[in-house]
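These notes concern the structure reproduced below.
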Amino acid sequence: MRISTAPRRHGQRPTGLAPWSALALALLALLAVPGPAARADETTKAFKKYFRTYTDTPSRVEAVLSLEGIDETEVVNLLVPVLRDPETEVVRAAVRVLAKLPSPGTIEALFAAYKSEKNEGGRVGILRAIGEGKYEGALAVATTALSDKSWEVRRRALQIVASVPDPAASAAVVPLLDDAEPAVRGQALETLAALGSDLVVPKACALLSDSVWQVRASAIAALTRIRHQDAVAPLVARLQVEQGVLAPQIVEALSNLTGLELVEPVAWKNWWDANKSTFVLPKAEAIAYMRGKREATTGKAKFEYAKSGVADYHGIQTPSRSVLFVIDVSGSMEAEVVEKERFSDGNYPSFQRIDIVKTELQNTIRRLEPFVNFNIISFATKVEPWKRGRLVPANVLNKSSANDWVKGLYAIGGASKEDLASVGLVGSANLDMGKTNTYGAIMTAMGIDPSKGNQTGAKDYKTDVDTIFFLSDGRPTVGEFVDPDDILREVKAANELRKITIHTIAIGEFQKDFMRRMAEENGGIFVDLGK
Numbered sequence: 107m108r109i110s111t112a113p114r115r116h117g118q119r120p121t122g123l124a125p126w127s128a129l130a131l132a133l134l135a136l137l138a139v140p141g142p143a144a145r146a147d148e149t150t151k152a153f154k155k156y157f158r159t160y161t162d163t164p165s166r167v168e169a170v171l172s173l174e175g176i177d178e179t180e181v182v183n184l185l186v187p188v189l190r191d192p193e194t195e196v197v198r199a200a201v202r203v204l205a206k207l208p209s210p211g212t213i214e215a216l217f218a219a220y221k222s223e224k225n226e227g228g229r230v231g232i233l234r235a236i237g238e239g240k241y242e243g244a245l246a247v248a249t250t251a252l253s254d255k256s257w258e259v260r261r262r263a264l265q266i267v268a269s270v271p272d273p274a275a276s277a278a279v280v281p282l283l284d285d286a287e288p289a290v291r292g293q294a295l296e297t298l299a300a301l302g303s304d305l306v307v308p309k310a311c312a313l314l315s316d317s318v319w320q321v322r323a324s325a326i327a328a329l330t331r332i333r334h335q336d337a338v339a340p341l342v343a344r345l346q347v348e349q350g351v352l353a354p355q356i357v358e359a360l361s362n363l364t365g366l367e368l369v370e371p372v373a374w375k376n377w378w379d380a381n382k383s384t385f386v387l388p389k390a391e392a393i394a395y396m397r398g399k400r401e402a403t404t405g406k407a408k409f410e411y412a413k414s415g416v417a418d419y420h421g422i423q424t425p426s427r428s429v430l431f432v433i434d435v436s437g438s439m440e441a442e443v444v445e446k447e448r449f450s451d452g453n454y455p456s457f458q459r460i461d462i463v464k465t466e467l468q469n470t471i472r473r474l475e476p477f478v479n480f481n482i483i484s485f486a487t488k489v490e491p492w493k494r495g496r497l498v499p500a501n502v503l504n505k506s507s508a509n510d511w512v513k514g515l516y517a518i519g520g521a522s523k524e525d526l527a528s529v530g531l532v533g534s535a536n537l538d539m540g541k542t543n544t545y546g547a548i549m550t551a552m553g554i555d556p557s558k559g560n561q562t563g564a565k566d567y568k569t570d571v572d573t574i575f576f577l578s579d580g581r582p583t584v585g586e587f588v589d590p591d592d593i594l595r596e597v598k599a600a601n602e603l604r605k606i607t608i609h610t611i612a613i614g615e616f617q618k619d620f621m622r623r624m625a626e627e628n629g630g631i632f633v634d635l636g637k
């Protein structure tokens, strides 16, 4: 059949073309479009061909995410090796895809991959994906992983067990309360508490004297959550020797168990000596009633432990004896505060933000008790510690040295330097060094090299610092991560094992939700000093 190609008027049918032929051609055109299986095959083939050629993180992440939703076991085969990658963002993308596998077949392939995976990072990544995916059968995989030679694998497995409400799994967790790795001991305590198991009580009482403070914190939290009469005596005994941030937590645990709100350690000891033979644990409902009645009377929702001899910075009090101050010295700190009346009685050298911050920090340092250990970090584009990698006691010499160091701080590359830049003296103006490297500062404060990320930092979580005061006057503008959501995510992940309390103080005109969230997500208090 010959089809005419001559010009035709609007609405005129091509000569020689039967009506059914147009329908046939349309069907043939539809058949020529690749189906889902073909498109999936093309995507996996392209991934194999190109992924290793990408050197920038955004391209690598995008390539990994292109596999999301593909119902092929080949996706598992391609992404398990990616879980061994040193870049946290790439690994996170792979975990995200593997946590959203679309069918039982691909999920079963992921379970099988765990059994054969030799690499620690690969096993950790698979467990993360299984946990985030809340896959049926995750508990069985996690239970087998509790005996893995890698402590990080054991810890991740414990997290999965904690997320599955099956008290029968408690017996398998108990042996890990004696694990050689502190992070595993702490997670085992938290897992048994999450399962509501009384099996945690005897060992939690013993771990109140663990040498690692993060484990002691987990033990106190477990005994607060699982109320048991046998916990009262060990908590009272530990309160007599515990110092710093954990002492108020013990008082809170005891108040939750007894309904009493005593203040001093000796008062708890005297009460227990007089009542231990007759004490009966009140029911949780009775405690709630008593606390509710107290709140209605005092207006306080939570018992406040008397904090004597503590650090107090911008109105935030802490019983911590291991404090780190992180101070913004970026160019914008040279600006004057707008609400001058709020700072009129502070005896500041000027109304510049940097002078207000320096004066308050010097006053705080002078008030530190000798038993407090401290350090200071200043940051703009670069991060500069006063003492590298260590806390020092707040004796008279160290306090004098610290105050001299603070006195020498200045806003780097501020507005006063722009005149130098305008006449070509950019180097002297130092504007590039006056940006706000929030990520670098907070990671350094937590003991992590910001250029290496959290994957390497997770291994070295043992830190003496338990409290950070973080002060800044603006949004992040430079660093490995700049987006506030990305920084918050990284801080939360890094702090999962460290358990550091992060207080935040904001000054200046900028959106402060970021600073508020950092405090809220890390057990701290947020203070807004105003514009």
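Position one of the sequence shown corresponds to residue 107 (our numbering), numbered consecutively onward.
By construction, the Cβ of each residue, glycine as well, lies at the ideal position given by its N, Cα and C atoms.
Taking the DSSP output, what are the residues bridged to residue i?
{"i": "THR610", "result": "PHE576 and PHE632"}
{"i": "ILE433", "result": "SER484 and LEU577"}
{"i": "GLU490", "result": "SER484"}
{"i": "GLY479", "result": "A small correction: the amino acid at residue 479 is Asn; Gly does not occupy that position in the sequence shown. DSSP, once it has assigned bridges, lists SER428 and PRO499 as partnering ASN479."}
{"i": "TYR220", "result": "TYR220 is not bridged to any residue."}
{"i": "ILE548", "result": "DSSP output for ILE548 lists no bridge partner at all."}
{"i": "ALA417", "result": "THR424"}
{"i": "GLN458", "result": "GLU442"}
Can you grab the Cα-Cα spacing for the pair residue i / residue j, in whole Å?
{"i": "ALA353", "j": "VAL196", "result": "40 Å"}
{"i": "VAL342", "j": "TRP378", "result": "8 Å"}
{"i": "MET539", "j": "ARG262", "result": "40 Å"}
{"i": "ILE266", "j": "LEU233", "result": "8 Å"}
{"i": "LEU295", "j": "GLN349", "result": "21 Å"}
{"i": "LEU313", "j": "ALA327", "result": "12 Å"}
{"i": "SER256", "j": "LYS151", "result": "33 Å"}
{"i": "LEU467", "j": "ALA517", "result": "15 Å"}
{"i": "GLU626", "j": "VAL463", "result": "22 Å"}
{"i": "ALA373", "j": "GLU367", "result": "10 Å"}
{"i": "GLU370", "j": "ASN376", "result": "10 Å"}
{"i": "VAL167", "j": "GLY452", "result": "50 Å"}
{"i": "ALA551", "j": "ILE574", "result": "8 Å"}
{"i": "THR647", "j": "SER557", "result": "Given that the chain is displayed from residue 107 to residue 637, the structure contains no residue 647 and the question cannot be resolved."}
{"i": "SER172", "j": "VAL247", "result": "27 Å"}
{"i": "LEU476", "j": "ALA417", "result": "Inspection of the sequence shows that residue 476 is occupied by Pro rather than by Leu. Those two C-alpha atoms are separated by around 11 Å."}
{"i": "SER426", "j": "GLN355", "result": "12 Å"}
{"i": "SER222", "j": "LEU207", "result": "19 Å"}
{"i": "ARG333", "j": "LEU363", "result": "6 Å"}
{"i": "THR194", "j": "LYS389", "result": "46 Å"}
{"i": "VAL443", "j": "THR487", "result": "22 Å"}
{"i": "ARG158", "j": "PRO164", "result": "13 Å"}
{"i": "LEU301", "j": "LYS309", "result": "15 Å"}
{"i": "GLY636", "j": "SER450", "result": "13 Å"}
Can a CB atom of chain B be found closer than 9 Å to the CB of residue i?
{"i": "LYS206", "result": "As a matter of chain content, chain B is missing from the structure shown, which is built from one protein chain."}
Relative to the C-alpha of residue i, which candidate in the options has its C-alpha closest?
{"i": "THR384", "options": "VAL338, LYS399 and SER426", "result": "VAL338"}
{"i": "VAL584", "options": "THR542, ASP619 and GLU596", "result": "THR542"}
{"i": "ASP591", "options": "GLU447, GLU180, ARG622 and ILE518", "result": "ARG622"}
{"i": "ASN439", "options": "ARG158, ILE460, GLY452 and ALA219", "result": "Inspection of the sequence shows that residue 439 is occupied by Met rather than by Asn. Here the closest residue by C-alpha is ILE460."}
{"i": "GLU287", "options": "PRO273, SER269 and ASP254", "result": "ASP254"}
{"i": "ASN183", "options": "ASN381, ALA215, ILE176 and GLY553", "result": "ALA215"}
{"i": "GLU178", "options": "GLY211, PHE485, ARG448 and GLU445", "result": "GLY211"}
{"i": "SER317", "options": "ARG331, LEU329, ARG344 and THR297", "result": "ARG344"}
{"i": "ASP634", "options": "GLU602, ASP589 and SER578", "result": "SER578"}
{"i": "VAL170", "options": "LEU360, ARG291 and ARG198", "result": "ARG198"}
{"i": "VAL203", "options": "ASN479, TYR220, GLY553 and ILE176", "result": "ILE176"}
{"i": "SER361", "options": "ASP572, MET396, GLY580 and ASN501", "result": "MET396"}
Can you tell me the Cβ-Cβ gap for residue i and residue j, rounded? I've got them flagged as a contact below 8 Å.
{"i": "GLY231", "j": "VAL201", "result": "6 Å"}
{"i": "ARG190", "j": "GLY237", "result": "Rounded, the Cβ-Cβ distance is 18 Å, inconsistent with contact."}
{"i": "TYR419", "j": "THR470", "result": "5 Å"}
{"i": "ASN481", "j": "LEU503", "result": "Actually they do not touch by this definition, with Cβ atoms about 15 Å apart."}
{"i": "ASN479", "j": "ASP570", "result": "7 Å"}
- Message: Below 8 Å, how does it come out for the region 510-517 and the region 428-440: are there three or more Cβ pairs, yes or no?
- Response: Put simply, the region 510-517 touches the region 428-440. At least three CB pairs are less than 8 Å apart.
- Between the region 497-507 and the region 441-460, do three or more beta carbon pairs fall short of 8 Å? The answer is no - the region 441-460 does not touch the region 497-507, with fewer than three Cβ pairs under 8 Å.
- Task: Could you tell me whether the region 604-621 touches the region 437-451, using the rule of 3 or more Cβ pairs below 8 Å?
- Result: Flag = yes, the region 604-621 and the region 437-451 touch.
- Task: Could you say if the region 298-315 and the region 275-282 meet the contact criterion of at least three C-beta pairs nearer than 8 Å?
- Result: Put simply, the region 298-315 touches the region 275-282. At least three CB pairs are less than 8 Å apart.
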